[in-house]
Structures are given as C-alpha cells and as structure tokens.
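Student:
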Amino acid sequence: MTTVAEFKIDYRQILDPKGQLVARLPRFAEDLDEVVKMYEAMVRVRVFDTKAVNLQRTGQLGTYPPSLGHEATHVGVGAAMRPEDVLAPVYREYGTQLWRGVSMTEILTYWGGDERGSDFAVPRQDFAWCVPIATQTLHAAGAAMAFKVRREPRCALAYIGDGGTSEGAFYEALNLAGARALPVVFVIVNNGWAISVPVAAQTATKTLAQKAVAAGIPGIQVDGNDVFAVREVVSEALETARRGGGPSLIETLTYRLSDHTTADDAGRYRTEKEVKEAWAIEPMIRIREYLVKAGAWNDVKEQSLVQDCVRQVDAAVAEYLRLAKPSTDAMFDHLFAALPRHLHEQRAIARHYSKPGASKPSGS
Numbered sequence: 002m003t004t005v006a007e008f009k010i011d012y013r014q015i016l017d018p019k020g021q022l023v024a025r026l027p028r029f030a031e032d033l034d035e036v037v038k039m040y041e042a043m044v045r046v047r048v049f050d051t052k053a054v055n056l057q058r059t060g061q062l063g064t065y066p067p068s069l070g071h072e073a074t075h076v077g078v079g080a081a082m083r084p085e086d087v088l089a090p091v092y093r094e095y096g097t098q099l100w101r102g103v104s105m106t107e108i109l110t111y112w113g114g115d116e117r118g119s120d121f122a123v124p125r126q127d128f129a130w131c132v133p134i135a136t137q138t139l140h141a142a143g144a145a146m147a148f149k150v151r152r153e154p155r156c157a158l159a160y161i162g163d164g165g166t167s168e169g170a171f172y173e174a175l176n177l178a179g180a181r182a183l184p185v186v187f188v189i190v191n192n193g194w195a196i197s198v199p200v201a202a203q204t205a206t207k208t209l210a211q212k213a214v215a216a217g218i219p220g221i222q223v224d225g226n227d228v229f230a231v232r233e234v235v236s237e238a239l240e241t242a243r244r245g246g247g248p249s250l251i252e253t254l255t256y257r258l259s260d261h262t263t264a265d266d267a268g269r270y271r272t273e274k275e276v277k278e279a280w281a282i283e284p285m286i287r288i289r290e291y292l293v294k295a296g297a298w299n300d301v302k303e304q305s306l307v308q309d310c311v312r313q314v315d316a317a318v319a320e321y322l323r324l325a326k327p328s329t330d331a332m333f334d335h336l337f338a339a340l341p342r343h344l345h346e347q348r349a350i351a352r353h354y355s356k357p358g359a360s361k362p363s364g365s
C-alpha cells in the first residue's frame, strides 16, 4: 500500500478568550488605534443588531437574521479586504458590510422589504444579500474569473455558513476556483447550527476546512471569536490570491448567540448550558480585555462609545422610517424587456390593492 496524498488542517488563534496573547502579535495590531477602530466597529454592529431585532418585534421591520456573536469574524474579514475587492455575502454579515461602507439605513431598508436597500451607495460592486443557500459562492468565483481574465489585482470573497457547505453549489464553486486558480477566498462561518441542524448531523468530517482538499486548495481553521486571528488569516489568503497564488478556504469557529432569524426559536433545539458556555467566550470580551490591559480602553470610553453608537443607529432608523414606500410596480420592474400579458394583469391588481380602502376588483 502506497500513500499518494496527505493533508493537514492548521488552526490559528492569537487572543485567547481572556484577551491574552497566545501567538505573535500581527503587525496591524501593533497600532492600538487600529485595534480600537476594530473594537468600535464590533460594538457598533452589536448595537445596530439589537435595535434591528427590536424593530422587527414591533412590526417595523421584516424577518431579520441577527449577527450576534459573529462580530469578530465579520469585522476581521472587512478589515482585511481592500475597497476594490468584491464581497459576496450571505444574509447576516453586517459587520463586514458596515466596514466596507454599506449604511445602516440601507440594511434596514432591505429587511424592511424594499429592494432599494441593495443599491449600495459606496461598495458599488459588492453583491447584495443572498438568501438562497450557497449560490453566492458561485457569484464570487465568477467575479474572480473576470478579475483574472482582465488581469485586475482584485479579489472576491464569499461567505457561507456551515449548513451551506452541504450544498452542491459550494463544491462547484470550490472546484472551479481551484481548477482555474482564481483570486477568491471562501469564508465558512461555522456557528454550530444550520437553523436547527447541528454540524455533527451534517457531516462526518472533523473540520469544514478540510473540504478544501478535494478542490486542491489550502484550507485553514481559525478562532472566529478572535478578531486578530481572523484578520491575519484572511489578509494572508487575499494577498496570496492577489499575487496569483489561487484561492483559499477559511473556516471560522464561532457561535450564533441569537436565534437563526426573528422567525426562529433556538430554545427548541439548543440547551441553556450550551448557550451559557458560548456567552463566556463571545468575541467582545477578549478584544476589550486586551485593550484595557494595553491602557487603550476604560469604562468611560466604553460608555461614550455606546452612546455614540446609539445615536448613529437612531439616526439611521429615523431615516429608514422617513423613506417613501416603494410602488407595487417595483415588483414587476427590471424582470423582462417586455412584460408578459399575465404580469400586466397582476401589476394592475397590485396597483388597485395598494390604494387605501381598495375593494376587490369587479370580475376578479
């Protein structure tokens, strides 16, 4: 018997759950102002997330997928990307999107049922939220192929959840990226649960990162609650891709502290003990402890930051609530060069019912 191939999966952690360094400090983290900026971004998205859930509960927002517990992964990824890179998100990566210039108002507009929220003012070429599972990985691979053909020094980055790695589109994207050595990075956010399905029920693999092996690309696992480790690993992968070194797959280990969406009740399938243990190692603790020990943070700064974040979020909410509601015609625009007859009829019906006090059309 001859061994024809072997592989290993490395794991990266820089800050432990108590904020202690367990590996070399990355160069970017030598600048405490930059570390503070990342921490502020994590707090900002958590304050925003809390407000968005409250808006849904009061009927002012549609079904909403919280990002509670994912802040280190999302901000670490955002900080590692360049503005000219392209992001293909799933549907809860607000920390990355806010870092890249998507506004809170745009996020609220989209989850309020208005597609105009997907028309980002700043990262114009970033993809919109992708509710179908895993298709965004193919979008990212396609964008990366375009970058390579055009010889542009840009990268695409696609998010995917642990559940999404069971989808065929995920494997197709990895295979294409590996075969063509595309400048794309795939980030698996392994938060333990695909709605109510645990990772152990999805796959027999010891890691999700090793799914890269079949595509012939590097795979690495990282502590997704450690913003230092996430930023460092993603930065390395992006720079490799930018130099023509091909794609990478990164598995970030974190935990979904909230329900899957506001339509979910995680208490039906998760134990209180599991959630309590996850709160003890959640991402905000270690980075805040690190800054406090470095003399760059204190309770006064924390209180001031939270107050500032609340003001920003409230201003975004007020702007969102002031937006004029879209016409029902928006459901029919941009679908066909010439609208089919049956959709003309549906558009007329929608217009009728959109009027206050409208009654059922005669003959319908």
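Numbered per my numbering, the sequence shown spans residues 2 to 365.
Using N, Cα and C, we set each Cβ at its ideal position, and we do this for glycine too.
Keep in mind that this is a model prediction, so the values were computed, not measured.
What is the rounded straight-line gap between the Cα of T136 and the Cα of Y160?
Tutor: If you take the alpha carbons of T136 and Y160, they lie about 10 Å apart.
Student: Per the DSSP calculation, Q222 is bridged to which residue(s)?
Tutor: Y12 and E252.
Student: Sort out for me which residues DSSP pairs G162 with in a bridge.
Tutor: In the DSSP output, where bridge partners are listed per residue, G162 has V190.
Student: Would you identify the three-state DSSP class for A195, choosing helix, strand or coil?
Tutor: Note: A195 maps to strand in three-state DSSP.
Student: Could you pull out every unbroken alpha helix (DSSP H) segment of at least 4 residues lying fully inside the segment 249 to 325, listed in chain order?
Tutor: List check, alpha helix (DSSP H) in window: 273 to 281, 284 to 294 and 300 to 323.
Student: Can at least three beta-carbon pairs, one atom from the segment 105 to 112 and one from the segment 308 to 320, be found at a separation below 8 Å?
Tutor: Verdict: yes, contact present.
Student: Helix, strand or coil: which one does DSSP assign to A338?
Tutor: Correct three-state label for A338: coil.
Student: Do you know how far the Cα of K356 is from the Cα of Y256?
Tutor: Between Y256 and K356, the C-alpha separation is close to 45 Å.
Student: Please determine, among T51, K149, A122 and R58, the residue with the shortest C-alpha to C-alpha distance to R244.
Tutor: With distances taken between Cα atoms, R244 lies closest to K149.
Student: By Cβ distance, which residues of its chain are closer than 8 Å to D120, with the 5 residues on each side in sequence left out?
Tutor: Correct list, in chain order: E107.
Student: What residues match up with A157 in a beta bridge as DSSP calls it?
Tutor: V87 and V185.
Student: Could you have a look at L22 and say whether DSSP puts it in helix, strand or coil?
Tutor: Strand.
Student: Identify which residue in T74, G169 and A213 has its Cα closest to the Cα of V223.
Tutor: Checking every option, the nearest Cα to that of V223 belongs to T74.
Student: If you pair each beta-carbon of the segment 269 to 280 with each one of the segment 11 to 25, do three or more pairs fall below 8 Å?
Tutor: Because the criterion of three Cβ pairs below 8 Å is not met, the segment 269 to 280 and the segment 11 to 25 do not touch.
Student: Using three-state DSSP, classify V228 as helix, strand or coil.
Tutor: Helix.
Student: Select from V54, K207, R155 and L175 the residue whose C-alpha is nearest the C-alpha of P66.
Tutor: Taking only the C-alpha atoms, the option nearest P66 is V54.
Student: G114 by DSSP, collapsed to three states: which one?
Tutor: Looking at G114 - three-state DSSP - the assignment turns out to be coil, as it is neither helix nor strand.
Student: Counting Cβ pairs closer than 8 Å, one from the segment 85 to 100 and one from the segment 39 to 55, do we hit at least three?
Tutor: They touch, by the three-pair rule.
Student: Taking the alpha helix (DSSP H) that E41 belongs to, which residues open and close that run?
Tutor: Segment L33 to R58, the alpha helix (DSSP H) holding E41.
Student: Roughly how far, in whole angstroms, is the beta-carbon of T253 from the beta-carbon of F187, given that I think they are within contact range, below 8 Å?
Tutor: Actually they are not in contact, since the Cβ atoms of T253 and F187 sit about 11 Å apart, beyond 8 Å.
Student: Give me the Cα-Cα distance between P184 and A81, rounded to the nearest whole angstrom.
Tutor: Going from the Cα of P184 to the Cα of A81 covers about 15 Å.
Student: Just tell me which of W194, L324, R348 and Y95 has its CA closest to the CA of T272.
Tutor: Taking only the C-alpha atoms, the option nearest T272 is W194.
Student: Are there 16 or more other CB atoms within 10 angstroms of the CB of G179, so buried, or fewer, so exposed?
Tutor: So G179 counts as buried.
Student: Going by beta carbon distance, what residues of the same chain come within less than 8 Å of D260, once the five residues before and after it are set aside?
Tutor: So the list reads P67, D266 and A267, once near-sequence residues are dropped.
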